[in-house]
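Novice: Quick one: the structure is below, questions incoming.
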Amino acid sequence: MFFDHLELAPADPILGLTDTFKADTNPNKINLGVGVYQNENAVTPVLKCVKEAEKILLETEQSKSYLPISGLPEYGRFTRELIFGKDSPLVDDGRAVTCHTPGGTGAIRIAADFLYQQHVTQRVWISDPTWGNHFQIVEAAGLKTERYPYYDRVNHSLAFERMLDTLEQASEGDAVILHGCCHNPTGIDPTPEQWDELAAFLAKKKLLPIVDFAYQGFGNGLEEDAYGLRKIVELNSEVIICSSFSKNFGMYNERVGALTCVGANKEAGTKALSQIKLAIRCAISNPPAHGEKVIITVLSNPELRKMWEDELAEMRERMHRMRLLLADKLKEKDAGDFDFITKQNGMFSFSGLSKEQVETLRAGYGIYIVGSGRICVAGINDNNIEYLANAIANVVSH
Ligand code: LMR
């Protein structure tokens, strides 16, 4: 028998939680697990700009034939405009090359495959804590991983000195994954001054920065959120960027992400692109088309682009408001000092709740939070905040 020896694998700590949530019959249940936006009615809507673009595509699309291995050139160009800024020379000068990947996860996997297969690096440093999937993706590609401290649990802040002290031990040629903004799971990002220092540090140590940039626009704005990435690119001649439109376009299930590789010059970019295309051909042959065509349609049409930026701002502002509301309500319920939540960025809040408290919230209240204590603030709304704050207050006082 071939499969007899198989053990049952544990459910995914994030996506598995959604399955358990769906099966829960508690009428008060709240999903604060997976990083998916929900509006005030706890619904994950299709953005209006996306619907409009889909109508256009329905009318105009002529063929479902394969896309190029790297995706459509316009998609790569729009991706570079967003991440580097419209006026950056990297948009068009050929040093930076972009391929469509299935989501940000696909970008990280293809990047890791490329780095391993082409012997670019052997070791990747990853923040502790980080998005649960980073370690397994990088290791599945064959690379070794190391951890660097990121979060100061006592002060609920960035452990910047410890982070740099640990990265001091990295060897020339190692790679480092950094979260470009809205760090997952802590919601704590470096300040602009810290980004400046970090970018210079990476260049001095000759480490390869891999920027995981999945939440552009969810922190402080499209341009503001790119500060760290742009500083890294300014001071480092070679950089990998794994970006995603899953969150900022709400196109989670269309798997729209991108891998951008910045080489030292145009020739290096061209060679890197040829090798990344080989990695893509081996993994998925060529990318899915619908999502990237929607992105191109929205970003090339001034009216739809404006609609997108407005909808993005609405999501960002709602999440920010819910973050403030949660901290306020917890104070009102005497649950302790949760003010630190208001200083975190983006979709996630690192609550400091223990594994046991998270389990009690699930079993006793139907409130679903990732085991690390990470709360997706987008799941909070004016209707469930009272129930949520009461439950957390009960759990922390026991
Ligand atoms: C998350 O962190 O919840 C999201 O990025 C979804 C995922 O794939 O884990």
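Here the numbering used here is used: the first residue of the sequence shown is 121, the next is one more, and so on. Beta carbons: idealized from backbone N, C-alpha and C, even for Gly.
For residue 315, report the span of its alpha helix (DSSP H) as first-last.
Specialist: Its alpha helix (DSSP H) spans residues 312-325.
Novice: Does the beta carbon of residue 208 sit closer than 9 Å to a beta carbon anywhere in chain C?
Specialist: Protein chains in the displayed structure number just one, and chain C is not present.
Novice: Check for me: the beta strand (DSSP E) holding residue 494 runs from which residue to which?
Specialist: Element bounds for residue 494: 494-496.
Novice: Is it the case that the CB of residue 300 approaches a heavy atom of the ligand LMR more closely than 8 Å?
Specialist: Residue 300: no, Cβ never under 8 Å from the ligand LMR.
Novice: Kindly give me the distance between the Cβ atoms of residue 217 and residue 381, rounded to whole angstroms, as I take these residues to be in contact under 8 Å.
Specialist: At roughly 5 Å, the Cβ-Cβ gap stays under 8 Å, so residue 217 and residue 381 are in contact.
Novice: Give the residues whose C-beta lies closer than 5 Å to at least one heavy atom of the ligand LMR, in chain order.
Specialist: Qualifying residues come out as 134, 154, 155.
Novice: Using CA coordinates, which residue listed in 222, 467, 128 is at the minimum distance from residue 189?
Specialist: Of the listed residues, the one whose Cα sits closest to residue 189 is 222.
Novice: May I have a chain-ordered list of the beta strand (DSSP E) segments no shorter than 3 residues that lie completely inside the segment 352-429?
Specialist: For the segment 352-429, whole beta strand (DSSP E) runs of length 3 or above, ordered along the chain, are 359-364, 377-382.
Novice: Between residue 308 and residue 277, which are expected to be in contact by the criterion C-beta below 8 Å, what is the C-beta distance as a whole number of angstroms?
Specialist: So it is a contact: roughly 6 Å between Cβ atoms.
Novice: For residue 177, which of 450, 412, 391 has the nearest alpha-carbon?
Specialist: It is 412.
Novice: I'd like to check one pair, residue 461 with residue 474: are the Cβ atoms closer than 9 Å?
Specialist: No, the pair does not count as a contact, with Cβ atoms beyond the cut-off.
Novice: Hey, residue 295 and residue 235 are a contact pair by Cβ (cut 8 Å); roughly how many whole angstroms apart?
Specialist: Indeed, because the Cβ distance is near 7 Å, the residues count as touching under 8 Å.
Novice: Assign residue 220 to one of two classes, buried (16 or more other C-beta atoms within 10 Å of its C-beta) or exposed (fewer than that).
Specialist: Buried is the call here.
Novice: Looking at the secondary structure, which residues open and close the alpha helix (DSSP H) in which residue 470 lies?
Specialist: Note, residue 470: premise wrong, no alpha helix (DSSP H); beta strand (DSSP E) at 468-470.
Novice: Based on the DSSP output, what are the partners of residue 333 in its beta bridges?
Specialist: Its beta-bridge partners are 363.
Novice: Short check: CB of residue 83 to CB of residue 378, under 9 Å?
Specialist: Residue 83 is absent from the structure shown; the chain starts at 121 and stops at 518.
Novice: Where does residue 440 sit, in a helix, a strand or coil, going by DSSP?
Specialist: Helix, per DSSP.
Novice: Classify residue 228 as helix, strand or coil using the three-state DSSP reduction.
Specialist: Three-state result, residue 228: helix.
Novice: Could you pull the start and end residues of the beta strand (DSSP E) that residue 248 belongs to?
Specialist: Run containing residue 248: 243-248, per the beta strand (DSSP E) assignment.
Novice: Counting only runs that start and end within the segment 266-292, where is the alpha helix (DSSP H) found for 4 or more residues in a row?
Specialist: Whole alpha helix (DSSP H) segments, 4+ residues: 280-287.
Novice: By Cβ distance below 8 Å, which residues in the same chain neighbour residue 513 in space, the five residues on each side in sequence not counted?
Specialist: Excluding positions up to five away in sequence, the list reads 450, 453, 454, 455.
Novice: So residue 328 packs on residue 360, CB below 8 Å; how close in whole Å?
Specialist: Contact flag correct, Cβ pair sits at about 7 Å.
Novice: Measure the beta-carbon distance from residue 252 to residue 133 and round it to whole angstroms, keeping in mind my assumption that it falls under 8 Å.
Specialist: That pair is a contact at about 5 Å.
Novice: Could you tell me the alpha carbon to alpha carbon distance between residue 431 and residue 369, rounded to whole angstroms?
Specialist: Straight-line Cα distance between these residues: approximately 9 Å.
Novice: Compute the Euclidean distance between the alpha carbons of residue 464 and residue 311, then round it to the nearest angstrom.
Specialist: In a straight line, the C-alpha of residue 464 is about 12 Å away from that of residue 311.
Novice: So, at 6 Å on beta carbons, what are the nonlocal neighbours of residue 261 in its own chain, with the 5 sequence-adjacent residues on each side left out?
Specialist: The answer, listed in chain order, is 232, 233, 236.
Novice: Determine, using beta-carbon pairs with one atom in the segment 275-291 and one in the segment 315-327, whether at least three such pairs fall under 8 Å.
Specialist: As far as the Cβ criterion goes, the segment 275-291 touches the segment 315-327, which means the pair count is three or higher.
Novice: With H, G and I counted as helix, E and B as strand and the rest as coil, what does DSSP make of residue 126?
Specialist: Three-state result, residue 126: coil.
Novice: Would you tell me roughly how many angstroms separate the C-alpha atoms of residue 479 and residue 313, rounded to the nearest one?
Specialist: Roughly 38 Å between the two C-alpha positions.
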